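**Q** Below are the structure tokens for one structure; questions will follow.
Residue numbers (my numbering): 36 to 303.
Structure below.
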């Protein structure tokens, strides 16, 4: 039984190590635009049944409880918190933030759709609006192209992209932005580069103009900051570290009991 104690405590240490990895990733992305913090969820594993609940004893009396010993824990999932992050004022005409539900939709070089809450957009050599990335520029869905002689760019709350050019002093609409949302955003696949990909678990993307059908509004000149709370993460870090230490002490206690059992003959 003491040997099982070692393995059971080890599952706790392994699961807590994964939680530490999640906390570390949250802290590392505290300044990442549009980042949504993650949480590690745990579940207990199967139990060793010594006596089933409701079984009868030698006298025919039914027991109200059984004897069950659990064999540890494991990480069941990591879950993202999609709570709105704070807005950071940049006054950059191509910096956009979503106030409410929804994701910007961008296109990768293969023509597939990716989704993001990061709104740090810029222009490529052709004047097309792209999402800034360390690897490549992902084109913003909607065929948004800014003329070379544009002197002013306005993005309205409902997603209309309007420009003023040197040849035309009046604002003209050149594109309409659409947003996407999902029945289960936790089911999206995280790709890095502030991008998500649709999966069977997330459901198909629902698209609409900003401000319609429960979709959020677009705010120009702002970026959505990470929703990581440093104080909360530090508290989680401390409690996780202490829980890891407690499990390590269980391993030490199991080892000490095994040592005592091994020395019983010599002591006798």
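Glycine is no exception: its CB is placed at the ideal position from the N, C-alpha and C atoms. Just so we're clear, the structure is a prediction, and the values are computed from it rather than from any experiment.
In whole angstroms, what is the alpha-carbon distance linking residue 70 and residue 155?
**A** 12 Å
**Q** Give every residue of the same chain whose Cβ lies closer than 7 Å to the Cβ of residue 186, excluding the five residues on either side of it in the sequence, and list them in chain order.
**A** 199, 200, 201
**Q** Span of the alpha helix (DSSP H) holding residue 273?
**A** 265-297
**Q** For residue 229, which of 108, 152, 286 has the nearest alpha-carbon?
**A** 152
**Q** Buried or exposed, going by whether 16 or more other CB atoms sit within 10 Å of the CB of residue 231?
**A** buried
**Q** State the DSSP-derived secondary structure class of residue 54, mapped to helix, strand or coil.
**A** helix
**Q** Do we get a CB-CB distance below 8 Å when we pair residue 138 with the residues of chain D?
**A** Absent here is chain D; the protein component of the structure consists of one chain.
**Q** For residue 72 versus residue 266, is the C-beta distance shorter than 8 Å?
**A** no
**Q** In whole angstroms, what separates the C-alpha of residue 287 from that of residue 214?
**A** 54 Å
**Q** For residue 43, count neighbouring C-beta atoms within 10 Å of its own C-beta (all shown protein chains included) and say buried if the count is 16 or more, exposed if not.
**A** Burial state of residue 43 is buried, judged by a 10 Å Cβ sphere holding 16 or more other Cβ atoms.
**Q** Return the chain-ordered list of same chain residues with a C-beta closer than 7 Å to the C-beta of residue 124, the five sequence neighbours on each side being excluded.
**A** 256, 257
**Q** To the nearest angstrom, how far is the alpha carbon of residue 157 from that of residue 280?
**A** 48 Å
**Q** Residue 106: which of 127, 82, 112, 126 sits nearest, CA to CA?
**A** 82
**Q** Looking at the secondary structure, which residues open and close the beta strand (DSSP E) in which residue 134 lies?
**A** 131-134
**Q** Can you tell which of 148, 253, 61 has its C-alpha closest to the C-alpha of residue 116?
**A** 61
**Q** Please report the residue range of the beta strand (DSSP E) in which residue 230 lies.
**A** Membership of residue 230 in the beta strand (DSSP E) is indicated by the continuous run 230-232.
**Q** CA-CA distance, residue 55 and residue 103?
**A** 30 Å
**Q** In terms of alpha-carbon separation, which member of 289, 246, 149, 284 lies closest to residue 226?
**A** Answer by Cα proximity: 149.
**Q** Alpha carbons only, please: which of 244, 245, 219, 248 is nearest the one belonging to residue 235?
**A** 219
**Q** Just tell me which of 270, 293, 290, 291 has its CA closest to the CA of residue 59.
**A** When each option's Cα is compared against that of residue 59, the closest is 270.
**Q** Taking all protein chains shown into account, do 16 or more other C-beta atoms lie within 10 angstroms of the C-beta of residue 131, making it buried, or fewer, making it exposed?
**A** buried
**Q** Please report the distance separating the alpha-carbon of residue 108 from that of residue 283.
**A** 14 Å
**Q** What residue from 251, 237, 292, 210 has the CA that sits closest to residue 39's CA?
**A** 292
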